[in-house]
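Mapped onto my numbering, the consecutive letters of the sequence shown carry residue numbers 618 to 838.
Heads up, the beta-carbon is just placed ideally off N, CA and C, and yes, glycines get one too.
Fair warning: this is a prediction, and the values are worked out from it, not measured in the lab.
Here's the structure, in structure tokens; my notes come after.
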Amino acid sequence: MLRAVLLSFVLSVFTWSNTAAADELTEFDYPLLLGDWYWFSTTEEGVESEGINYRAMNIKFNSSYHFKVRLLRTDGLIDEWGGNYDIDETTLTMNSINQPSQQHEYVLSYNQFLLDGARFTKLAPENLPGQWRSSAIGGKDVDNSVTELKLSLRPDFLFSAQVIGKDGKRKEHKGIYYLEDDRIVLIYEDGQHDSHFKLGGDNTLTLTNKQFGMEAVMQRQ
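Written out as structure tokens, the structure is:
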């Protein structure tokens, strides 16, 4: 029962509709902050705060400097609020209507977020991580010698990608990725790649980059 309640709490987040406000997502100053962060209590009793016991917490940040907080109580009810945030290298400030401004010290990595000592983990949409292989790849700016693309997206937001040419030569990139709405950005040592993605019900992943005139249809392996 507890597992079902927590799973419902997690999955409900991915039904939210948010419009990415940043015209250039890749220019956002703190890209690793974007996404859904979760804290879970290690006990069924939860953690008490102001007379209420909480079992889980989700914070969602987007590139328009908006945040939303959802707290799952031990009785199954959900408390939520939102507002705007400011951030610098060490401090996160959260501002909500009718609530005092909150300042928090933080430490951030690509998939871990320490907020005043509480550890949050970033979660990706359930069906996105996995091993993907292109069944079709093309576009006006895609080199004709490129025959295949392989992409491994790990649930901990690490990725590896292989571009394979007609001559069998391979070029590999490894790095981290982040998401916002239908956007995925791959960051690697000598660059980054920004695409729109769409998951199909038949285990397909379509990546589109209009700037570079690329579209790749990929199958889950």
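With fewer than 16 other CB atoms across the displayed protein chains lying within 10 angstroms of its CB, ALA753 is exposed. With 16 or more neighbouring CB atoms inside 10 Å of its own CB, LYS677 falls in the buried class. Under the three-pair Cβ rule at 8 Å, the stretch 737–750 does not count as touching the stretch 702–719. Annotation: the continuous beta strand (DSSP E) that includes LEU731 extends over 729–732.
Under the DSSP definition of a beta bridge, THR821 partners with GLY817 and GLN836.
Counted as a single uninterrupted DSSP element, the stretch harbouring THR707 is not any beta strand (DSSP E), since DSSP gives it neither H nor E. A distance below 6 Å between beta-carbons, with the five flanking residues on each side excluded, links ASN712 to the following residues of its chain, in chain order: GLY700, ASN701 and SER718.
In this structure, the beta-carbon distance from THR821 to PHE814 does not fall below 8 Å. Here the C-alpha atom of GLY693 lies approximately 16 Å from the C-alpha atom of TYR655. Here GLU789 carries a strand assignment [DSSP, helix/strand/coil]. The continuous beta strand (DSSP E) containing THR738 extends over residues 735–740.
In this structure, THR643 places its C-beta atom within 8 Å of the C-beta atom of VAL802.
Residue range 747–755 is occupied by the beta strand (DSSP E) that includes SER751.
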